[in-house]
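Student: Residue numbers (the UniProt record's numbering), protein chains in the order written: chain S, 1 to 362; chain Z, 1 to 740.
Please read through the structure below; I'll follow up with questions.
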């Protein structure tokens with residue numbers, strides 16, 4: 001019976017997939033462009049995004065507050081040696097930090113913001129080790145008054161040493177551990193397999209407990225069985241909050257701002273303005289050519305050189321090439337092969353953007 | 001970092017954490033542990049060793065909230081202690097069982113290691129002058145043979161074998177071998193042979209060195225003594241290792257073999273020819289392989305289940321649905337013992353964190369440990385436990401049960417008595433079932449099924465008429481009996497008795513006698529049965545097998561009046577055992593104390609299903625958020641719904657590609673168009689400017705709608721439900737998930 005259910009589920013899944021595929025193919029593909037939307041300026045868009053009124057504020061607050069009743073259970077489970085993994089739609093940052101600062105006051109808590117690009121896992125592990133060593137020292141002092149022997153600083157120790165320190169014996173006090181909160185353990189900064197491997201090894205240490213959140217639907221694919229069963233030892237909690245992903249989404253480009261003509265023209269302008277007037281003029285030559293011959297593959301390099309030389313913009317092929325390199329580096333210009341075998345230069349922007357651009361360059 | 005960075009607020013709304021600089025720190029310390037634990041949490045009951053400090057908390061009744069809170073935390077600590085006691089018991093049991101199942105193989109391996117070591121030594125030990133030179137001794141090719149034990153794990157999942165190899169390491173260490181183990185990561189292309197040597201040095205010499213040099217290892221080995229003990233290197237999983245690195249490693253070991261007599265043990269998950277698939281031929285030539293085979297996962301599983309759930313190492317048990325779930329999880333999910341044990345631990349934690357009276361389980365354990373000697377602290381601990389427990393028991397939550405007076409001691413001993421009887425019967429069944437290849441988990445699931453514990457009706461009135469059946473609790477006098485399913489495993493096991501030849505039957509009876517040792521009432525009967533068998537009934541029984549037809553004879557009949565053929569006796573004895581003693585735990589009063597039943601909680605904690613559940617969150621937003629306005633109109637998409645919910649609902653109508661322009665337009669239509677009756681999914685883009693209900697909606701600028709659209713897309717992107725536009729398809733996003 002149960003197995004049948006499973007099969008049904010899988011069947012439904014594949015059916016849905018093919019239906020969706022079919023839908024995409026059979027109905028006329030809408031060819032409307034993103035550019036057709038009259039997008040406001042990016043700054044205005046960002047400002048508006050910051051001012052979005054949250055919906056259902058009361059209900060969401062009540063929902064998040066309802067999880068408070070689970071705090072003691074979570075703490076209990078952490079103490080039993082499990083890691084907590086929170087998932088569900090909505091930012092769980094506030095929830096987890098609230099849990100950590102109200103229910104985990106007896107333990108040191110380190111927070112890792114996995115949604116940031118710049119997480120250095122070694123530094124994190126050193127920090128955990130330092131906090132733990134403080135905690136252990138204060139215990140030892142309380143207990144016997146003796147201070148532990150001088151250690152090599154953690155920053156200069158190898159990873160293996162750090163792990164064996166974190167995984168020290170906790171026979172005397174099972175409750176001596178550091179809690180590590182990881183927002184978005186599936187985030188951009190932590191997504192690579194090496195970091196996940198280190199995190200798993202940290203999680204397996206006797207003096208560490210992990211409370212993490214995931215947002216990506218495929219996040220479990222980051223881990224193999226060894227990590228899941230013996231290292232992270234997750235207890236899953238479905239805690240949708242519907243809180244907005246303000247902090248987590250901070251570094252994602254806004255889709256409308258990104259694709260818009262105005263935007264691409266603007267970035268191009270900024271780049272061009274930083275170049276010499278001669279380089280700008282060479283680029284103008286290219287724009288003019290592309291606007292007057294919209295159907296061609298691009299402008300052959302020889303032609304560009306000839307025209308630029310005529311107008312005294314470049315003195316030699318070498319100068320032109322240095323300009324072109326600059327353009328290519330900023331992805332302002334690309335090359336493609338003309339049908340007669342010649343290399344052509346073109347600007348990967350739509351005509352509207354080019355028009356805007358030429359106006360801005362004056 | 002300032003510990004108070006995140007202010008504590010009543011409801012942690014997103015706005016409170018928005019602009020804190022710590023949001024942009026890769027990591028920071030939220031707060032440090034106070035140097036002394038504050039009083040609330042200071043072990044209110046202490047560890048079991050110092051029970052004296054326990055404050056008698058005001059039990060019955062309404063005192064000030066502070067006391068109540070302390071009471072709560074006291075109880076929580078009691079439950080925590082109970083959990084630790086119970087789980088450490090279970091864990092030790094599991095470890096012992098696993099070690100026992102492997103001990104034969106381990107002994108074989110150990111013997112082989114020393115034999116191989118002798119063989120290496122017989123080819124000569126290095127002279128003191130040559131031993132101090134920092135390069136291997138050049139010898140004949142046949143002296144460069146590396147003895148290799150291939151351990152077939154019969155298990156595709158390496159996760160179960162980690163523990164096995166760890167145990168093997170301990171075992172060999174206890175036999176004076178120097179043991180180091182290398183994981184597949186250390187034998188990967190990335191860490192190369194350098195990493196392997198460093199790892200060996202770290203494990204054997206306990207030092208971290210910068211330069212990986214075998215000579216360091218060789219001189220260490222020389223200092224260990226006169227070549228008395230072998231060095232054993234364990235590679236857990238040969239299939240996962242990088243072939244070239246492992247080959248290099250093997251060649252290197254074989255070159256140094258005279259100076260460092262090394263024996264290699266490799267775990268093989270697939271077949272015996274795995275090394276030839278992985279290794280280069282020149283490395284393969286150096287090996288002198290021997291084969292060892294570990295038990296299969298199913299065997300280990302049966303052994304663990306039997307030890308943990310039947311040979312009651314502690315009172316903790318699981319309900320029928322939980323057992324069914326665990327069986328399914330083991331068979332369908334990944335078939336690893338590790339995940340099964342983890343599931344058991346989660347069940348255990350859930351039980352102790354939810355069931356208020358669960359701390360009583362500690363009592364039976366402490367009592368047991370305490371037998372024979374008096375310990376004041378423990379006595380006090382027991383007293384405190386009982387005190388708290390009786391408060392709970394007087395609570396209306398637990399029904400009053402006759403004969404126990406709801407007294408803690410009675411309740412517990414009653415439960416204990418039940419468990420002994422029940423598990424003895426299930427074990428007896430399992431002993432027979434083994435002959436018929438009945439799996440223990442199947443048997444267990446059936447024996448736990450409360451549905452089978454039925455009131456005796458006219459259907460089985462024949463038993464009533466015979467007027468037999470001794471119930472173990474006064475509360476269930478004869479009204480209920482366990483009747484096994486006709487197609488069930490228990491029935492199958494009972495029937496199996498018939499097919500046994502006299503010899504096996506005798507063995508069976510002897511094993512029953514051993515099993516039932518702790519339940520005197522059954523034990524006596526088994527002894528009688530055995531005696532009868534020995535008196536010669538056994539001989540005549542074989543020919544009677546064929547004409548056995550009716551079985552429902554009472555025990556009195558069995559033993560005194562009608563000396564029937566032995567096989568029949570045994571069979572009817574077993575079936576009477578089943579009907580009398582197999583009372584499923586869920587129909588025993590007070591089973592809540594020791595039994596974990598909440599299968600849903602276990603399942604949720606064990607198997608997260610983010611792919612499905614995050615989509616459900618989005619699609620059924622109103623159910624979770626419980627808002628009145630959205631609940632009224634379930635079928636329509638309302639502008640007041642969460643933006644991402646609207647967007648994801650709209651996305652469902654597209655194929656695998658979503659045109660951003662269209663999507664934006666329909667989003668705009670939904671959010672700028674107030675409540676409409678019926679389904680909003682039909683496009684109403686042409687009439688977005690009709691009169692609006694609410695004034696707020698009017699001043700919704702384009703910018704704000706665009707911003708909401710962007711934010712919602714970003715949110716969906718974070719959940720991974722969308723793939724962003726590519727250069728090739730700048731106007732489309734791609735759907736990733738189809739259906740739940």
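Cβ coordinates follow ideal geometry from the N, Cα and C atoms, glycine included.
1) DSSP three-state label for residue 348/Z, please.
2) If you measure from the beta carbon of residue 535/Z to each beta carbon in chain S, is any gap under 8 Å?
3) Find out if the Cβ-Cβ distance for the pair residue 358/Z, residue 593/Z is shorter than 8 Å.
4) Consult DSSP for residue 243/S and reduce its assignment to one of helix, strand or coil.
5) Measure the Cβ-Cβ separation of residue 660/Z and residue 646/Z and say whether it is below 8 Å.
6) Which one of 105/Z, 519/Z, 644/Z, 307/Z has the shortest CA to CA distance from residue 295/Z?
7) Within its chain, find whatever has a CB closer than 6 Å to the CB of residue 253/Z; leave out the 5 residues flanking it on each side and keep chain order.
8) What is the residue span of the beta strand (DSSP E) that residue 343/S lies within?
9) Specify, as a first and last residue, the run of the alpha helix (DSSP H) that residue 639/Z falls within.
10) Just to confirm the assignment: which complete beta strand (DSSP E) runs, minimum length 3, are found wholly within the region 292-359 of chain S?
11) Between which two residues does the alpha helix (DSSP H) carrying residue 198/S extend?
12) Report the start-end ranges of each beta strand (DSSP E) in the region 252-304 of chain Z that is 3 residues or longer and not cut off at the edges.
13) In this structure, how does DSSP classify residue 231/Z when only helix, strand and coil are distinguished?
14) Within this structure, are the beta carbons of residue 98/Z and residue 417/Z separated by less than 8 Å?
15) Give me, in chain order, the residues of the same chain whose beta-carbon lies closer than 7 Å to that of residue 144/Z; leave out the 5 immediate sequence neighbours on both sides.
16) By Cβ distance below 6 Å, which residues in the same chain neighbour residue 240/S in space, the five residues on each side in sequence not counted?
17) So which residues on chain S does residue 605/Z lean against when the C-beta distance must stay under 8 Å?
18) For residue 804/Z, which residues in the same chain have their Cβ closer than 7 Å to its Cβ, ignoring the five residues on either side in sequence?
19) Please check the pair residue 232/S and residue 203/S, which I expect to be a contact at CB under 8 Å, by giving their CB distance rounded to whole angstroms.
20) Apart from the five residues just before and just after residue 212/S, which ones in its own chain have a Cβ nearer than 6 Å to its Cβ?
21) Measure the alpha-carbon distance for residue 175/S versus residue 573/Z and round it to whole angstroms.
22) Could you have a look at residue 356/Z and say whether DSSP puts it in helix, strand or coil?
23) With a threshold of 16 other CB atoms inside 10 Å of the CB of residue 169/S, please say whether the residue is buried or exposed.
24) Whose CA, out of 83/S, 79/S, 78/S, 68/S, lies closest to the CA of residue 95/S?
25) Applying the 10 Å Cβ sphere with the 16-neighbour rule, what's the burial state of residue 39/Z?
26) Against chain Z, does residue 217/S count as a neighbour if the rule is that its beta carbon must be under 8 Å from one of theirs?
27) Mind pulling the chain S residues with CB within less than 9 Å of residue 713/Z?
28) Quick one: grab the DSSP three-state call for residue 409/Z.
29) Can you check whether the C-beta of residue 83/Z is within less than 8 Å of a C-beta belonging to chain S?
30) Quick one: Cα of residue 654/Z to Cα of residue 626/Z, how far?
31) Assuming residue 196/Z is part of the alpha helix (DSSP H), what are its boundary residues?
32) Keeping to the same chain, check which residues put their C-beta closer than 8 Å to that of residue 492/Z; ignore five residues upstream and five downstream.
33) Quick one, which of 421/Z, 483/Z, 449/Z, 489/Z has its alpha-carbon nearest residue 443/Z's?
34) Apply the 10 Å Cβ neighbour rule to residue 620/Z and answer buried if 16 or more other Cβ atoms are within range, or exposed otherwise.
35) Counting only the same chain and skipping the five closest in sequence on each side, list residues whose C-beta sits under 8 Å from that of residue 729/Z.
36) Between which two residues does the alpha helix (DSSP H) containing residue 649/Z stretch?
Tutor: Straight from the coordinates:
1) One-based indexing of the second chain puts residue 348/Z at position 348. DSSP places residue 348/Z in helix when its eight states are reduced to three.
2) For the purposes of this step, residue 535/Z is taken as the residue at position 535 of the second chain. With 8 Å as the cut-off, residue 535/Z does not count as an interface residue toward chain S.
3) Residue mapping note: residue 358/Z aligns to position 358 of the second chain, counting from 1. Residue mapping note: residue 593/Z aligns to position 593 of the second chain, counting from 1. Cβ distance < 8 Å, so residue 358/Z and residue 593/Z count as in contact.
4) As a position in the first chain, residue 243/S is number 243, starting the count at 1. Residue 243/S falls in the coil class under three-state DSSP.
5) Position 660 of the second chain holds residue 660/Z. Position 646 of the second chain holds residue 646/Z. The answer is no: Cβ separation not under 8 Å.
6) Locating residue 295/Z in the second chain gives position 295, counting from the first residue. Among 105/Z, 519/Z, 644/Z, 307/Z, the Cα nearest to that of residue 295/Z is on 105/Z.
7) Counting from 1 along the second chain, the entry for residue 253/Z is found at position 253. Closer than 6 Å at Cβ, skipping near neighbours: 146, 262.
8) Mapped onto the first chain, residue 343/S falls at position 343. It spans 343-346 - the beta strand (DSSP E) in which residue 343/S sits, taken as one unbroken run.
9) As a position in the second chain, residue 639/Z is number 639, starting the count at 1. No alpha helix (DSSP H) contains residue 639/Z, which DSSP labels as neither H nor E.
10) 334-337, 343-346
11) As a first step, residue 198/S is located in the first chain; it is residue number 198 there, counting from the start. Where residue 198/S is concerned, the enclosing alpha helix (DSSP H) stretches over 193-203.
12) 262-268, 287-293
13) Numbered from its first residue, the second chain carries residue 231/Z at position 231. DSSP places residue 231/Z in strand when its eight states are reduced to three.
14) Mapped onto the second chain, residue 98/Z falls at position 98. Mapped onto the second chain, residue 417/Z falls at position 417. Going by C-beta atoms, residue 98/Z is not nearer than 8 Å to residue 417/Z.
15) Within the second chain, numbered from 1, the residue matching residue 144/Z stands at position 144. Once the five neighbours on either side are set aside, the close Cβ partners of residue 144/Z are 254, 255, 257, 286.
16) Here the question's residue 240/S lines up with position 240 in the first chain. Within the same chain, residue 240/S has close Cβ partners 88, 89, 90.
17) Within the second chain, the letter at position 605 stands for residue 605/Z. Under the 8 Å cutoff, chain S gives 235, 236, 237.
18) With chain Z running from 1 to 740 in the structure shown, residue 804/Z is simply not present.
19) As a first step, residue 232/S must be located in the first chain, where it is residue number 232. As a first step, residue 203/S must be located in the first chain, where it is residue number 203. About 5 Å; that satisfies the 8 Å criterion.
20) Stepping through the first chain from its first residue, residue 212/S is reached at position 212. Counting only Cβ-Cβ distances below 6 Å, and skipping sequence neighbours, we find 85, 182, 185.
21) Reading the first chain from its first residue, position 175 is the one you call residue 175/S. Reading the second chain from its first residue, position 573 is the one you call residue 573/Z. The alpha-carbon atoms of residue 175/S and residue 573/Z are separated by roughly 51 Å.
22) One-based indexing of the second chain puts residue 356/Z at position 356. In the structure shown, residue 356/Z sits in a helix (DSSP, three-state: H, G or I).
23) Numbered from 1 along the first chain, position 169 holds the residue referred to as residue 169/S. It counts as exposed.
24) Working through the first chain from its first residue, we reach residue 95/S at position 95. Considering only alpha carbons, the answer is 68/S.
25) Mapped onto the second chain, residue 39/Z falls at position 39. Because residue 39/Z sits at a pLDDT of 40, beneath the cut-off of 50, its placement in the model cannot be relied upon, and the following sentence gives the value as read from the coordinates. Classification for residue 39/Z: exposed.
26) By one-based count along the first chain, residue 217/S stands at place 217. Residue 217/S counts as touching chain Z.
27) As a position in the second chain, residue 713/Z is number 713, starting the count at 1. 252, 254, 255, 256, listed in chain order.
28) Against the second chain, residue 409/Z aligns to sequence position 409. Of the three classes helix, strand and coil, the one that applies to residue 409/Z here is helix, per DSSP.
29) Mapped onto the second chain, residue 83/Z falls at position 83. Output row for residue 83/Z: interface = yes.
30) As a first step, residue 654/Z is located in the second chain; it is residue number 654 there, counting from the start. As a first step, residue 626/Z is located in the second chain; it is residue number 626 there, counting from the start. Approximately 28 Å between the Cα atoms of the pair.
31) Numbered from its first residue, the second chain carries residue 196/Z at position 196. Here the alpha helix (DSSP H) through residue 196/Z covers 192-205.
32) One-based indexing of the second chain puts residue 492/Z at position 492. Only 433, 436, 438 meet the Cβ criterion.
33) Position 443 of the second chain, counted from the start, is the residue given in the question as residue 443/Z. Out of 421/Z, 483/Z, 449/Z, 489/Z, 489/Z has the C-alpha closest to the C-alpha of residue 443/Z.
34) Here residue 620/Z refers to the residue found at position 620 of the second chain. Answer is exposed; the Cβ neighbour count stays below 16.
35) For the purposes of this step, residue 729/Z is taken as the residue at position 729 of the second chain. These residues qualify, in order along the chain: 657.
36) Counted from its first residue, the second chain places residue 649/Z at position 649. Unbroken alpha helix (DSSP H) run through residue 649/Z: 643-651.
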